[in-house]
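Written as structure tokens, this is what we have:
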């Protein structure tokens with residue numbers, strides 16, 4: 001038998017991948033899933049201790065939220081933000097300028113999606129706030145200028161205030177607040193304005209959460225850290241009020257001055273008590289292990305968490321001491337009807353650590369540089385700082401490192417955070 005030749009040439013059909021044939025969006029969903037899981041690596045690279053300190057104390061942590069997120073128009077901004085952060089980490093770790101360019105492109109798409117989302121009735125949803133927080137985090141890491149992070153943080157502040165304090169008591173909303181609050185305080189320090197987190201209705205959130213724990217007399221590391229943060233959120237307001245008094249050309253109402261001094265004194269007393277509690281936790285191995293087991297914090301993190309929180313407390317106490325001194329000096333000067341002008345007493349940053357002490361307190365480390373000599377780049381070279389977990393330390397210092405006017409990335413890159421040695 002002879003095989004019959006075909007009368008016409010065979011038609012070659014394109015080979016389709018099974019996911020394109022059966023589920024056209026399967027590839028996109030797989031990419032989103034991989035990106036989401038990679039985000040955990042981003043968290044543990046940049047914020048290992050901060051994330052561990054509250055991830056098991058909240059109803060919904062970052063990974064639970066992202067894994068349960070349903071694809072929708074509202075989540076586009078959020079997913080582009082996640083992709084930008086993951087790609088930026090990969091680019092900085094590998095020294096890959098092309099990957100960083102891709103991250104910036106993804107960031108731009110995320111900002112565009114967020115801008116559209118904010119024009120809809122969903123502007124105050126959890127997805128919108130989460131996207132704003134992550135895009136704000138990207139701007140802090142890879143800002144186009146030193147001040148752009150301020151604009152993003154201002155937007156996040158406006159969304160949170162519009163949602164109200166009660167909306168951030170539970171769920172992912174509380175996680176978002178805990179994640180970004182150090183940068184909200186940093187913004188207030190840089191701008192010299194009061195921080196809205198220092199308002200009584202926002203501070204009461206922490207008290208309500210830990211009311212039962214206080215009644216049981218439990219000494220929780222997370223509670224101590226949150227209470228310390230509450231006091232530190234008041235510090236930008238103390239500075240702004242002091243600045244207004246010292247630069248005023250009219251006589252300050254004595255009641256206003258005494259009230260401010262009294263509030264500062266109360267905050268100092270609270271911070272001293274909280275510092276003693278932290279020292280007590282880290283000074284006793286039994287208490288250290290208890291704090292770790294109660295909150296599922298790795299035991300190796302407990303001491304560091306306490307150290308860095310104490311660093312923020314020490315810096316805040318030094319600032320409050322300085323503010324008290326200049327207020328008392330100004331009161332005495334005005335009482336003597338001195339001819340010395342307020343401007344001669346006023347200091348722009350009265351709490352700033354002297355340079356002689358700075359080298360002893362701050363931890364500096366090498367920065368990773370990525371060089372781009374491509375023709376398409378407007379700058380022949382640019383520096384991208386691979387700062388590792390130094391933004392984590394900045395967060396646990398509760399944004400206090402920005403008191404001298406530094407942005408978070410500047411403070412982190414320079415290692416401007418205090419980490420005192422606690423008793424062993």
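In full-length UniProt numbering, the protein residues as written are 1 to 424.
By construction, the Cβ of each residue, glycine as well, lies at the ideal position given by its N, Cα and C atoms.
With respect to the C-alpha of residue 277, the residue from 319, 225, 230 and 235 having the closest C-alpha is 225.
Ranked by how close their Cα comes to the Cα of residue 308, the residues 205, 154 and 229 have 229 in first place. Your pair residue 274 and residue 49 does not check out as a contact, with CB atoms roughly 18 Å apart and the cut at 8 Å. Taking C-alpha positions only, residue 165 is separated from residue 126 by approximately 14 Å.
When secondary structure is reduced to three states using DSSP, residue 252 falls in the coil class, being assigned neither helix nor strand. Contact check between the region 62-71 and the region 95-107: fewer than three CB pairs, one atom from each, fall below 8 Å, which does not count as touching.
Inclusion of residue 397 and residue 315 in the CB contact set at 9 Å is warranted, their separation being smaller than that value.
Residue 264 is classed as buried because its beta carbon has at least 16 other beta carbons within 10 Å across all chains shown. With contacts defined as CB atoms closer than 9 Å, residue 194 and residue 236 qualify as a contacting pair. The Cβ neighbour count for residue 251, taken over all protein chains shown within 10 Å, is under 16; the residue is labelled exposed. Annotated three-state conformation of residue 123 is coil, per DSSP. Contact annotation: residue 183 and residue 206 have beta-carbon atoms that are not nearer than 9 Å. Within the same chain, 139 come within 6 Å of residue 148 by CB-CB distance, once the 5 residues on both sides are set aside. Taking all protein chains in view, the Cβ of residue 255 is surrounded by fewer than 16 other Cβ atoms within 10 Å, so the residue is classified as exposed. By the 16-neighbour rule on beta-carbons within 10 angstroms, residue 253 is exposed.
By alpha-carbon distance to residue 89, the top candidate from 249, 141 and 412 is 141.
Ranked by Cα distance from residue 113, the options 104, 105, 80 and 93 are led by 80. Counted as a single uninterrupted DSSP element, the alpha helix (DSSP H) harbouring residue 113 occupies residues 97-117. In this structure, residue 171 and residue 54 do not form a Cβ contact; the two beta carbons are roughly 13 Å apart against a cut-off of 8 Å.
For residue 235, the uninterrupted alpha helix (DSSP H) run begins and ends at 235-247, by DSSP. Counting only residues of its own chain and dropping the five nearest sequence neighbours on each side, residue 102 has a CB closer than 8 Å to the CB of 87 and 91. In the three-state DSSP reduction, residue 267 falls in the helix class (H, G or I). Sequence-distant partners of residue 66 (beyond 5 residues in either direction) whose C-beta falls short of 6 Å from its own C-beta, in its chain, are 36. Between residue 135 and residue 176, the C-beta spacing is not below 9 Å.
Residue 248 and residue 321 have their C-alpha atoms spaced approximately 21 Å apart. Residue 175 sits in a helix when the DSSP states are folded into three classes.
The criterion of a C-beta distance shorter than 9 Å is satisfied by residue 117 and residue 74. If you check the CB distance, residue 173 and residue 163 come in under 9 Å. A straight-line Cα-Cα distance of about 37 Å links residue 393 and residue 121.
Residue 409 sits in a helix when the DSSP states are folded into three classes. Counting other Cβ atoms within 10 Å of its Cβ, residue 178 reaches 16 or more and is therefore classed as buried.
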